[in-house]
Every structure is written in C-alpha cells, then in structure tokens.
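Following the working numbering, the numbering of the sequence shown begins with 15 at its first residue and continues without gaps.
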Amino acid sequence: MELNERLDKFEKLVSDKPSNFLSKLAYYKANKKWIDQSSKVAINVLEALNQKGLSQKDLAKKMNVSAQQVNKIIKGKQNLTFETVGKLETALEISLMEIIDYKPVTEIKTNSTQIKPVEKTLTNELVKNVLENFRFPDNFKQKEGAQMDVVYNKLTQTINYPKAG
C-alpha cells in the first residue's frame, strides 16, 4: 500500500468534529462519587432482576416509571433520588442504602486510633543518633575554620570538621 493510500484511509478515520473527551473527563471528576455509587446500585439491581427472573419492563411497571428510566438506572447513569431508591427497594424487595440514625458526635464510636504527632521526637532522636555516632574518616581533611551544615527534616545542625592533622 502506498503512502497516499494510507493517508487517504487515515483521513477517513479522523473526525472533523472536535473531541469532547476533556469535557467528559471533567464531568466525571466533578461527579465521581455519585457515578460510582450509581454503578454499584446498577449492579445490585441487575443481580436482583436476574435472581427474580424479572425484565427491565417488569421492573418499570412495578416502580410505575418508564422503561427508559429503568434503562438509565441499569446503566449506572442516573443520579438517583431517595424516592427512586425507595421504589427500587420496594419493587425488588432488596436494600440498596442504609441511612445511619442521628447520634450526637460524642456518641459515635469509631474503630480508628488517633495518632499523635511524633515528628519532633523522631527528629531529635535521629539527630542525636546520627551526631553521636558520626565519625569522619581518618583520611578526611578540612580547611581551617570550615563548617558543614547538615539538614534533617526541619532541624539544622552545624558540624565542625576535624582539624587537619
């Protein structure tokens, strides 16, 4: 195949319309949380339909909504309201969401452990160990009065070179 033929084929594949990929990406990033949740609902709905032997049309009738809306739900492209989730749960006899009852913050129990800042302790310990155990090699020489700054995290220590001997 000659170069001109390849270029012709390539030009047929390339669209004249500008790509909207970046706008789709921006939309996804801005709406990622509900899109991910909607996809999880879609998987659960599909599984329930399969287990109960129902079609999307059957579900639409039970929910009293259009088949198109059920199709959007199944594709995970529907930003679901509590009303729609409630209709899905009732129609399929499943639970899709759990709303946590209100509790004052002081009564909420967590499994997490609070980690106290230890940066200063670690930094001091590191500097102490390094400086105490640091020895220049025997063949190391310096100019008279030269200094070297050693930086560990946010702490700076000055070390004087050993005098040339």
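Ideal Cβ placement from N, Cα and C applies to all residues, glycine included.
{"Check": "Reducing DSSP to helix, strand and coil, say where residue 107 ends up.", "Outcome": "coil"}
{"Check": "Roughly how many angstroms separate the alpha carbons of residue 51 and residue 61, rounded to a whole number?", "Outcome": "16 Å"}
{"Check": "Am I right that residue 73 and residue 55 are in contact with their C-beta atoms under 8 Å? What's the rounded C-beta distance?", "Outcome": "Between residue 55 and residue 73 the Cβ distance is about 13 Å, and since that is not below 8 Å, they are no contact."}
{"Check": "Mapping DSSP to helix, strand and coil, what is residue 99?", "Outcome": "helix"}
{"Check": "Do you know how far the Cα of residue 58 is from the Cα of residue 169?", "Outcome": "Bear in mind that the predicted position of residue 169 carries a pLDDT of just 49, short of 50, making it too unreliable to give a figure here."}
{"Check": "Measure the C-alpha to C-alpha separation of residue 101 and residue 28 and round it to an integer number of angstroms.", "Outcome": "45 Å"}
{"Check": "Rounded to a whole number of angstroms, what is the C-alpha to C-alpha distance between residue 110 and residue 46?", "Outcome": "19 Å"}
{"Check": "Given that a residue counts as buried once 16 or more other Cβ atoms are within 10 Å of its Cβ, and exposed if not, what is residue 105?", "Outcome": "buried"}
{"Check": "Would you report the Cα separation of residue 119 and residue 112, rounded to the nearest angstrom?", "Outcome": "19 Å"}
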